[in-house]
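J.: With our numbering applied, the sequence shown corresponds to residues 74 to 640, in that order.
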Amino acid sequence: MPHFIETFLVTALPEGATGTRLRLAVLVSPRLTAEAATEGEPLPASAPLSDWPDARAWPTIRPQWMVKITQGSTTAEVPAVEITGDYDTQTWDAIFPGTMPTTPYQPPVNPRGATNASYLPAVATFPVESIRNAVADLHVRVLRDFRTVFPLLTELRELTQFKPILGALVPELLTEVLNTQLAGKPVADTLNRVFAQLDLFHGARPGSALPPPTVTAVSPGAGPPAGGTLVTVTGTRFIPDATAVAFGTKAATSITVLGETTLTCRSPGGVFGEQVDVVVRTPGGTSEPSTAAKFAYLVPPTVTKVDKNRGPAAGGTTVTVTGTNFVAGNGPDGKPNTTVAFGEAQATAVSVGSGGTSLTCVTPEAGDELVVDVVVTTKGGSSPTSAASKYTYVPAPAITVVTPASGPVAGGQTVTITGTNLAGATAVEFGDVPATVGTVTATSLTCTAPAGAVGTVHITVTTDGGTSAESDADEYTFLARPTVTALNPNTGPIAGGTTVTVTGTNLASATSARFGTGAQLPVTEVAATSLKVVSPAGAAGDVHVVVRTTLAGDSTETTADLFTYTE
Numbered sequence: 074m075p076h077f078i079e080t081f082l083v084t085a086l087p088e089g090a091t092g093t094r095l096r097l098a099v100l101v102s103p104r105l106t107a108e109a110a111t112e113g114e115p116l117p118a119s120a121p122l123s124d125w126p127d128a129r130a131w132p133t134i135r136p137q138w139m140v141k142i143t144q145g146s147t148t149a150e151v152p153a154v155e156i157t158g159d160y161d162t163q164t165w166d167a168i169f170p171g172t173m174p175t176t177p178y179q180p181p182v183n184p185r186g187a188t189n190a191s192y193l194p195a196v197a198t199f200p201v202e203s204i205r206n207a208v209a210d211l212h213v214r215v216l217r218d219f220r221t222v223f224p225l226l227t228e229l230r231e232l233t234q235f236k237p238i239l240g241a242l243v244p245e246l247l248t249e250v251l252n253t254q255l256a257g258k259p260v261a262d263t264l265n266r267v268f269a270q271l272d273l274f275h276g277a278r279p280g281s282a283l284p285p286p287t288v289t290a291v292s293p294g295a296g297p298p299a300g301g302t303l304v305t306v307t308g309t310r311f312i313p314d315a316t317a318v319a320f321g322t323k324a325a326t327s328i329t330v331l332g333e334t335t336l337t338c339r340s341p342g343g344v345f346g347e348q349v350d351v352v353v354r355t356p357g358g359t360s361e362p363s364t365a366a367k368f369a370y371l372v373p374p375t376v377t378k379v380d381k382n383r384g385p386a387a388g389g390t391t392v393t394v395t396g397t398n399f400v401a402g403n404g405p406d407g408k409p410n411t412t413v414a415f416g417e418a419q420a421t422a423v424s425v426g427s428g429g430t431s432l433t434c435v436t437p438e439a440g441d442e443l444v445v446d447v448v449v450t451t452k453g454g455s456s457p458t459s460a461a462s463k464y465t466y467v468p469a470p471a472i473t474v475v476t477p478a479s480g481p482v483a484g485g486q487t488v489t490i491t492g493t494n495l496a497g498a499t500a501v502e503f504g505d506v507p508a509t510v511g512t513v514t515a516t517s518l519t520c521t522a523p524a525g526a527v528g529t530v531h532i533t534v535t536t537d538g539g540t541s542a543e544s545d546a547d548e549y550t551f552l553a554r555p556t557v558t559a560l561n562p563n564t565g566p567i568a569g570g571t572t573v574t575v576t577g578t579n580l581a582s583a584t585s586a587r588f589g590t591g592a593q594l595p596v597t598e599v600a601a602t603s604l605k606v607v608s609p610a611g612a613a614g615d616v617h618v619v620v621r622t623t624l625a626g627d628s629t630e631t632t633a634d635l636f637t638y639t640e
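#1: When we look at the beta-carbon of residue 229 and count the other beta-carbons within 10 Å, is it buried (16 or more) or exposed?
#2: Going by the beta-carbon positions, is the gap between residue 525 and residue 511 smaller than 8 Å?
#3: So, under 8 Å CB-CB, residue 396 and residue 450 are touching, yes? Tell me the CB distance rounded to an integer number of Å.
#4: Where does residue 427 land, buried or exposed, given buried means 16+ other C-beta within 10 angstroms?
#5: Taking the alpha carbon of residue 334 as the reference point, which residue from 286, 328, 381, 378 has its own alpha carbon closest?
#6: Within the continuous beta strand (DSSP E) that includes residue 569, where are the two ends?
#7: Looking only at its own chain, which residues have a Cβ that is under 6 Å from the Cβ of residue 326, when we skip the five neighbours before and after it?
#8: Hey, would you say residue 562 sits closer than 8 Å to residue 577, going by beta carbons?
#9: So, is residue 419 buried or exposed, given that buried needs 16 or more other C-beta atoms within 10 angstroms?
#10: Give the straight-line distance between the Cα atoms of residue 297 and residue 321, rounded to the nearest whole angstrom.
#11: Taking the beta strand (DSSP E) that residue 360 belongs to, which residues open and close that run?
#12: Excluding sequence positions up to five away, which residues of its chain have a Cβ less than 7 Å from the Cβ of residue 523?
#13: By DSSP, does residue 429 sit in helix, in strand, or in coil?
#14: Does residue 632 come out as helix, strand or coil in the three-state DSSP assignment?
#15: Is residue 318 near residue 366, with beta carbons less than 8 Å apart?
#16: Tell me whether the beta-carbon of residue 374 lies closer than 8 Å to the beta-carbon of residue 453.
#17: Looking at the secondary structure, which residues open and close the beta strand (DSSP E) in which residue 559 lies?
#18: According to DSSP, is residue 545 helix, strand or coil?
#19: Within the 8 Å Cβ cut-off, does residue 510 reach chain B?
#20: Considering only the beta carbon of each residue, do residue 521 and residue 550 sit closer than 8 Å?
#21: Return the Cβ separation of residue 543 and residue 475 in integer angstroms, given the expectation that the two are a contact with Cβ distance under 8 Å.
#22: DSSP three-state label for residue 451, please.
#23: What does the Cβ neighbour count give for residue 403, buried or exposed, with the cut at 16 atoms within 10 Å?
#24: Between which residues of its own chain and residue 304 is the CB-CB distance below 8 Å, once the five residues before and five after are set aside?
#25: Is the beta carbon of residue 583 closer than 8 Å to that of residue 557?
#26: Drop a sphere of 10 angstroms on the beta-carbon of residue 459, count the other beta-carbons inside from all chains shown, and report buried for 16 or more, exposed for fewer.
#27: Just grab the DSSP bridge partners of residue 288 for me.
#28: Just list the residues that DSSP pairs residue 472 with in beta bridges.
#29: Please state whether the Cβ-Cβ distance between residue 473 and residue 500 is less than 8 Å.
Rendered as structure tokens:
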């Protein structure tokens with residue numbers, strides 16, 4: 074009994090893969106004469122195979138018979154016809170002759186109707202009902218009964234030699250065989266020989282091994298420990314119906330090979346926090362583990378508290394987020410395992426604490442929305458939003474008016490600050506000296522000015538939105554106290570009525586003066602260094618003359634301001 078293929082090696086299908094069908098391709102390589110074709114030029118001496126049938130298939134397909142005639146881009150094809158186990162034995166004997174056929178083989182389509190036809194491939198398919206680890210030779214007699222269980226070849230590692238089927242074949246109009254190429258093997262210059270090829274996997278070549286698959290990407294790279302995540306695996310050399318996928322030691326389910334480079338599957342269950350290798354197995358072997366082929370078993374994080382939950386719209390606030398299932402460090406791709414978003418913007422400097430229940434980060438600048446959700450994302454998913462995960466961006470305060478805009482260096486002046494976004498003010502400073510804050514609204518606040526040095530300073534207001542920017546509108550001037558350096562005259566009758574010229578400094582804003590502990594008296598001819606005041610009645614003896622200014626306060630008592638009442 075002649076063999077179709079002399080030697081080939083096989084292995085079992087990988088665990089998790091489904092069965093496939095074999096396709097036996099029997100090729101008649103004729104030289105059609107010019108008279109045999111209705112159009113075109115005589116056939117070339119060499120007719121390389123094109124459009125050789127791809128042997129990928131689906132399980133449990135009933136036998137079919139199909140004829141295709143191809144030359145270049147021109148193809149004539151007869152639709153597939155179902156073949157039963159009772160199909161004409163003589164026809165099969167003609168195709169796979171163990172002895173000389175008693176009747177010539179009649180092709181299902183007459184090559185005379187094809188343009189520049191170069192070969193007549195006949196493809197027979199049959200159901201596969203079992204898996205065998207190894208087979209050595211195929212015999213013609215196995216093919217004669219389609220009800221026979223045909224051993225499934227799960228890996229065709231090597232096609233070492235093609236052999237002609239012995240016996241004559243005399244189809245009509247097929248007059249001679251030329252030196253054509255069949256899968257890279259020359260067809261002998263012998264009349265009426267038929268060659269057979271078993272083509273199980275695309276890419277298997279005579280004398281070569283089917284290479285293993287590769288995995289270049291796994292998306293998503295994480296899922297819940299319960300399993301069931303729909304995962305897309307990208308790589309090379311995936312084979313429909315002959316591909317299995319494993320996550321660590323566990324097999325994936327629902328494997329769908331979309332093409333040689335893409336498949337989808339459902340992840341099996343795993344252990345929380347565990348990262349496993351995703352490997353693909355085909356009859357060519359098993360993909361090598363790599364950093365691109367990892368899958369982590371994680372659950373989505375949660376956020377239970379944001380502290381603090383208000384900050385300046387400019388960003389830059391360090392915030393502590395409390396929750397669950399935060400993941401520290403970076404993944405195999407070098408990217409952080411945990412990211413934090415404030416609305417649409419990503420936080421920076423994310424640092425996950427031990428235990429995965431808290432993290433710190435720095436807020437980004439605010440966008441259009443001032444109240445946003447804080448969302449923590451890991452490879453296990455993103456945290457759901459809630460009232461506890463809200464963060465409020467607060468616009469920075471601004472000062473438009475300071476009343477009064479000056480006061481004594483001793484402080485104590487009540488100052489009213491008008492502006493915007495002042496609500497929630499936590500601090501007011503005159504230069505770098507804090508003031509005591511009184512009442513506060515969104516547009517105004519009061520405070521008590523601290524003591525300061527002579528000169529002008531900027532007042533700043535600090536809220537959750539930050540600190541107000543300095544401007545001319547927020548200036549406050551600490552004024553020096555007035556001084557009295559001389560009185561002229563410095564004596565007068567106890568009856569009063571003496572006009573006294575007071576000489577000193579910082580007198581320009583003087584509003585009154587007093588003699589001793591007496592009442593404030595009006596002043597006249599006020600200048601920066603002098604003013605006049607009329608002495609009231611008083612008891613004999615010395616008293617201090619104290620000048621009062623509106624913003625700088627009262628002059629300090631010295632011996633230079635003594636006035637003596639005489640009898």
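Virtual Cβ for every residue (Gly too), placed ideally from N, Cα, C.
Small disclaimer: the values here were computed from a predicted structure and weren't measured.
T.: Reading from the atomic positions:
#1: In the sequence shown, the residue the question calls residue 229 occupies position 156. Note that residue 229 has pLDDT 26, beneath the 50 cutoff, so the model's placement of it is unreliable and no number is given.
#2: By one-based count along the sequence shown, residue 525 stands at place 452. By one-based count along the sequence shown, residue 511 stands at place 438. With contacts defined as CB atoms closer than 8 Å, residue 525 and residue 511 fail to qualify as a contacting pair.
#3: Here the question's residue 396 lines up with position 323 in the sequence shown. Here the question's residue 450 lines up with position 377 in the sequence shown. For residue 396 against residue 450, the beta-carbon gap comes to about 12 Å, at or over 8 Å, which does not count as contact.
#4: Within the sequence shown, the letter at position 354 stands for residue 427. It is exposed - the Cβ of residue 427 has fewer than 16 other Cβ atoms within 10 Å.
#5: Here residue 334 is taken as the residue at index 261 of the sequence shown, counted from 1. In terms of Cα proximity to residue 334, the closest of 286, 328, 381, 378 is 286.
#6: Counting from one through the sequence shown, the residue named residue 569 turns up at place 496. Residue 569 -> no beta strand (DSSP E), and no H or E assigned at all.
#7: Locating residue 326 in the sequence shown gives position 253, counting from the first residue. So the list reads 339, once near-sequence residues are dropped.
#8: Along the sequence shown, read from residue 1 onward, the residue named residue 562 stands at position 489. Along the sequence shown, read from residue 1 onward, the residue named residue 577 stands at position 504. Residue 562 places its beta carbon 8 Å or farther from that of residue 577.
#9: The sequence position of residue 419 within the sequence shown is 346, counting from 1. So residue 419 ends up on the exposed side.
#10: Numbered from its first residue, the sequence shown carries residue 297 at position 224. Numbered from its first residue, the sequence shown carries residue 321 at position 248. Approximately 15 Å between the Cα atoms of the pair.
#11: Counting from 1 along the sequence shown, the entry for residue 360 is found at position 287. DSSP places residue 360 outside any beta strand (DSSP E), giving it a letter other than H or E.
#12: As a position in the sequence shown, residue 523 is number 450, starting the count at 1. Closer than 7 Å at Cβ, skipping near neighbours: 484, 503, 506, 507, 508.
#13: On the sequence shown, position 356 is the one that residue 429 refers to. Assignment of residue 429 by DSSP, reduced to helix, strand and coil, places it in the helix class.
#14: Residue 632 sits at position 559 when you count from the first residue of the sequence shown. DSSP, reduced to helix, strand and coil, places residue 632 within a helical segment of the structure shown.
#15: Numbered from its first residue, the sequence shown carries residue 318 at position 245. Numbered from its first residue, the sequence shown carries residue 366 at position 293. At least 8 Å separates the beta-carbon of residue 318 from that of residue 366.
#16: Numbered from its first residue, the sequence shown carries residue 374 at position 301. Numbered from its first residue, the sequence shown carries residue 453 at position 380. Judged by beta-carbon spacing, residue 453 lies within the 8 Å limit of residue 374, meaning their Cβ atoms are closer than that value.
#17: Locating residue 559 in the sequence shown gives position 486, where the first residue counts as 1. According to the DSSP assignment, residue 559 belongs to the beta strand (DSSP E) that extends over 556-561.
#18: For the purposes of this step, residue 545 is taken as residue 472 along the sequence shown, with counting starting at 1. Residue 545 falls in the helix class under three-state DSSP.
#19: You won't find chain B in this structure, because it holds only one protein chain.
#20: The residue given as residue 521 occupies position 448 in the sequence shown. The residue given as residue 550 occupies position 477 in the sequence shown. Contact: no.
#21: Here residue 543 corresponds to residue number 470 of the sequence shown, with the count starting at 1. Here residue 475 corresponds to residue number 402 of the sequence shown, with the count starting at 1. Incorrect: roughly 12 Å between the Cβ atoms, too far for contact.
#22: Residue mapping note: residue 451 aligns to position 378 of the sequence shown, counting from 1. Collapsing the DSSP output to three states places residue 451 in a strand.
#23: Position 330 of the sequence shown, counted from the first residue, corresponds to residue 403. By the 10 Å Cβ count, residue 403 comes out exposed.
#24: Reading the sequence shown from its first residue, position 231 is the one you call residue 304. 291, 292, 293, 296, 325, 337, 338, 339, 340, 351, 368, listed in sequence order.
#25: Here residue 557 refers to the residue found at position 484 when the sequence shown is read from its first residue. Here residue 583 refers to the residue found at position 510 when the sequence shown is read from its first residue. In this structure, residue 583 does not lie closer than 8 Å to residue 557 by Cβ.
#26: Taking the first residue of the sequence shown as 1, we reach residue 459 at position 386. A residue is called buried once 16 or more other Cβ atoms fall within 10 Å of its Cβ, and residue 459, having fewer, is exposed.
#27: Position 215 of the sequence shown, counting from 1, holds the residue named residue 288. Note: residue 288 sits in a beta bridge opposite 308.
#28: Within the sequence shown, numbered from 1, the residue matching residue 472 stands at position 399. Beta-bridge pairing links residue 472 to 492.
#29: As a first step, residue 473 is located in the sequence shown; it is residue number 400 there, counting from the start. As a first step, residue 500 is located in the sequence shown; it is residue number 427 there, counting from the start. No, these two residues do not count as a Cβ contact at 8 Å.
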